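These notes concern the structure reproduced below.
2 protein chains.
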Amino acid sequence: MIQPLILDGKAAAKVIRAELARRVAELEVRGVKPGLRILLVGSDPASQVYVSSKEKASAGIGVSACVERLPESASFADVAGVIESWNRDPAVHGFIVQLPLPRGIDAYAVLKLVSPARDVDGLSPASLGALASGRPGFMPATPLGIIELLWRNGITVSGKRVVVVGRGELVGRPLASMLLLHGERGDATVTVCHSRTPDLGAVCRTAEILVVAVGRARLVTGAMVSEGVVVVDAGTNSIDGRLVGDVDFATVAPRAAAITPVPGGVGPMTVAMLLANTVKAAEQAAGKREL
Amino acid sequence: MIQPLILDGKAAAKVIRAELARRVAELEVRGVKPGLRILLVGSDPASQVYVSSKEKASAGIGVSACVERLPESASFADVAGVIESWNRDPAVHGFIVQLPLPRGIDAYAVLKLVSPARDVDGLSPASLGALASGRPGFMPATPLGIIELLWRNGITVSGKRVVVVGRGELVGRPLASMLLLHGERGDATVTVCHSRTPDLGAVCRTAEILVVAVGRARLVTGAMVSEGVVVVDAGTNSIDGRLVGDVDFATVAPRAAAITPVPGGVGPMTVAMLLANTVKAAEQAAGKREL
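From first to last, the protein sequence lines stand for chains A and B.
Quick note on the numbering used here: the first sequence kicks off at 48 and runs consecutively.
Quick note on the numbering used here: the second sequence kicks off at 48 and runs consecutively.
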């Protein structure tokens with residue numbers, strides 16, 4: 048048994064943040080301070096943690112991040128009002144609506160209001176439609192982070208059989224769409240499976256690269272993967288106060304060529320990609336087009 | 048060797064058109080005449096044929112269809128002007144831009160202008176974004192026709208392993224997205240493969256249902272499919288003046304449980320679904336919501 052390569056998202060995110068900090072410094076020379084806004088509605092405890100890690104990471108690279116908090120009782124009109132002001136504010140280069148929203152506020156209707164030029168979460172229907180049309184603008188942070196983490200570890204998806212477990216709008220669906228784009232970070236053969244897939248193990252065993260994003264703790268076990276697989280675990284489940292992924296690390300790692308830890312795998316990459324999108328938005332606003 | 052079930056799109060489309068004609072008659076009682084517009088730019092010979100079959104089918108069920116022709120030399124502004132007038136015209140319930148457009152006119156930029164409420168081709172970024180967000184509005188006619196044809200032949204996709212060959216924006220990608228929706232016409236385990244898939248045959252042989260939409264004559268042969276597969280051929284290639292599909296019917300049919308012919312399979316269903324979307328658009332405009 049060979050030890051798998053650990054796909055260290057924390058380390059990769061640190062390198063990315065250093066690269067982004069240099070770009071922010073260049074923008075500052077030109078008088079532009081990248082501005083990110085985060086809308087947090089209600090008091091979901093996990094959201095509080097995510098938002099504060101996004102704030103901290105922003106500050107660390109010189110991005111000015113502000114959080115607008117609305118109470119659980121906020122109306123759709125309250126939320127829409129904030130978004131519409133940010134769509135027009137020249138100091139706001141990008142903004143995100145932290146999900147989930149309280150029941151009674153339709154996230155789809157909210158995301159429809161987000162201007163694609165500032166949609167640094169890449170989750171608005173306009174951004175997803177651009178991706179589906181093969182003309183991606185900002186792409187969702189978690190799938191972007193997954194592809195980036197593989198790329199920085201020398202793992203190409205092009206020409207590979209990638210199995211995505213999970214068909215959610217935030218990770219599984221857009222990831223599949225991105226993996227099918229033309230180019231060296233796409234060109235994969237992609238299978239999407241989910242709760243209605245009869246023999247999940249049989250499908251997972253066909254994967255050269257397996258990405259799991261369903262939100263069920265330790266769903267994927269060692270018997271469900273082939274020897275030498277690359278495993279990316281995008282799950283975040285809280286079990287007895289501990290964060291565990293969708294992959295049973297103890298039984299899967301010994302069979303894997305490479306695997307992400309949870310925590311410290313996909314999570315930090317998601318935040319890094321949000322920052323990357325924000326810096327890119329600021330550069331575009333400053334008339335400097337580069338990725 | 049058992050004869051496969053022939054998935055007769057011509058027959059299914061005829062039944063659907065009869066159903067739609069009844070709905071059009073009901074609308075007419077209420078003073079509403081469904082109106083479809085088709086924008087045809089340039090003189091692509093295949094497009095001429097497709098457009099005239101759409102006109103004929105519309106007339107057959109009482110939908111008023113008009114074709115607006117622009118020369119090959121038309122500018123983006125000319126195209127945009129037509130779309131913008133149709134977006135506002137109360138007599139136009141739905142319209143389509145016949146693709147491909149002449150070189151030099153960006154189809155994506157054109158489709159961005161189409162109002163989702165009238166996008167009966169379902170190909171605008173807004174419609175594709177709604178689909179990607181799990182909130183489909185009008186869905187693209189060809190993938191819709193494929194799912195409908197299977198459904199009307201008692202073949203459910205739910206829980207099945209469906210392999211889609213082709214990742215184009217018109218068929219492969221939106222079909223994959225639709226097959227992943229929740230519900231009895233979705234819930235499939237979906238694999239998308241394409242020109243960069245190393246061993247296409249090996250992937251195709253995993254399919255219970257195989258859909259081919261790449262535009263390469265007879266790409267899929269008998270050796271590439273498993274015994275008992277259901278095969279849908281969305282290819283239309285002209286060989287020596289004859290229309291042939293992407294599937295080599297002669298070698299695949301003997302191994303298949305069911306298979307579409309070309310012509311007479313997916314093609315007529317595409318036209319029928321365009322009409323279904325148009326009638327639905329007219330019903331919605333008339334304030335009568337039903338599918």
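Beta carbons: idealized from backbone N, C-alpha and C, even for Gly.
The structure displayed is predicted, hence computed values, not measured ones.
| Check | Outcome |
| --- | --- |
| Beta-carbon gap between leucine 178 of chain B and serine 224 of chain B smaller than 9 Å | yes |
| Sequence-distant residues of its chain with Cβ nearer than 8 Å to alanine 235 of chain B (five each side left out) | Val204, Ser205, Gly206, Lys207, Arg208, Val209, Leu226, Leu227 and Ile256 |
| Residues from the region 150-161 of chain B in contact with chain A, defined by Cβ distance under 7 Å | Tyr155 |
| Exposure label - lysine 103 of chain A; buried when at least 16 CB within 10 Å | exposed |
| Extent of the continuous beta strand (DSSP E) to which alanine 112 of chain A belongs | 111-117 |
| Unbroken stretches of the alpha helix (DSSP H), 4 residues or longer, contained in the region 124-163 of chain B | 154-158 |
| Amino acids of chain B, ordered along the chain, whose beta-carbon sits closer than 7 Å to that of serine 180 of chain A | Tyr155, Pro172, Leu175 and Glu216 |
| Which of helix, strand or coil DSSP assigns to arginine 70 of chain A | helix |
| Contact list for glycine 248 of chain A against chain C, beta-carbon separation under 9 Å | Here chain C cannot be found, since the structure's protein chains are A and B. |
| is_contact[threonine 189 of chain A, chain B] using C-beta, thresh 9 Å | no |
| Validate contact between the region 300-308 of chain A and the region 161-172 of chain A using beta carbons, cut 8 Å, 3 pairs | no |
| Chain A residues whose Cβ lies nearer than 7 Å to that of cysteine 240 of chain B | Thr236 |
| DSSP beta-bridge partners of valine 278 of chain A | A:Leu257 and A:Ile306 |
| Minimum Cβ-Cβ distance from alanine 164 of chain A to chain B less than 9 Å | no |
| Extent of the continuous beta strand (DSSP E) to which arginine 199 of chain B belongs | Note, arginine 199 of chain B: premise wrong, no beta strand (DSSP E); alpha helix (DSSP H) at 188-199. |
| 8 Å contact criterion, which proline 190 of chain A and serine 174 of chain A should meet: CB distance rounded | Wrong, their Cβ atoms sit about 12 Å apart, outside the cutoff. |
| Cutoff 9 Å: glutamine 50 of chain A Cβ touching any chain B Cβ | no |
| 8 Å Cβ shell around valine 129 of chain B - same chain, five flanking residues per side excluded | Leu86, Glu115 and Leu117 |
| Residues within the region 307-335 of chain A neighbouring chain B, beta-carbon criterion of under 9 Å | none |
| Cα-Cα separation, glycine 282 of chain B to methionine 271 of chain B | 17 Å |
| Own chain residues within Cβ distance below 7 Å of alanine 323 of chain B, not counting five before or after | Ile63 and Leu67 |
| Pick from B:Ile108, B:Asp91 and B:Ser94 that is closest to lysine 80 of chain B, judged by C-alpha positions | B:Ile108 |
| Nonlocal neighbours in the same chain, by C-beta distance under 7 Å from glycine 248 of chain B, ignoring five residues either side | Ala270 and Met271 |
| Coarse secondary structure for leucine 290 of chain B, derived from DSSP in three states | strand |
| CA-to-CA distance, proline 149 of chain A to valine 326 of chain A, given in whole angstroms | 29 Å |
| Whole-number beta carbon distance between valine 258 of chain B and valine 279 of chain B, since they are thought to touch under 8 Å | 4 Å |
| Those residues which DSSP pairs with asparagine 324 of chain A across a bridge | Asparagine 324 of chain A is not bridged to any residue. |
| Short CB-CB distance (under 9 Å) between serine 224 of chain B and chain A | yes |
| Cut-off 7 Å between Cβ atoms - residues of its own chain near leucine 338 of chain A, not counting five sequence neighbours on either side | Per-residue confidence for leucine 338 of chain A stands at a pLDDT of 43, beneath the threshold of 50, marking its modelled position as unreliable; no derived number is given. |
| Chain A contact for leucine 87 of chain B (CB, 9 Å cutoff) | no |
| 9 Å Cβ cutoff, leucine 74 of chain A in contact with chain B | no |
| Residue from B:Val139, B:Val157 and B:Leu222 whose Cα sits closest to the Cα of leucine 83 of chain B | B:Val139 |
| Element boundaries [beta strand (DSSP E), containing isoleucine 85 of chain B] | 82-88 |
| Among A:Glu274, A:Asp91 and A:Val239, the one whose alpha carbon lies nearest that of leucine 146 of chain A | A:Asp91 |
| Same chain, Cβ closer than 7 Å to glycine 192 of chain B, neighbours up to 5 away in sequence not counted | Val313, Met316, Thr317, Ala319 and Met320 |
| Among A:Ile53, A:Gly184 and A:Ala264, nearest to valine 294 of chain A - alpha-carbon criterion | A:Ala264 |
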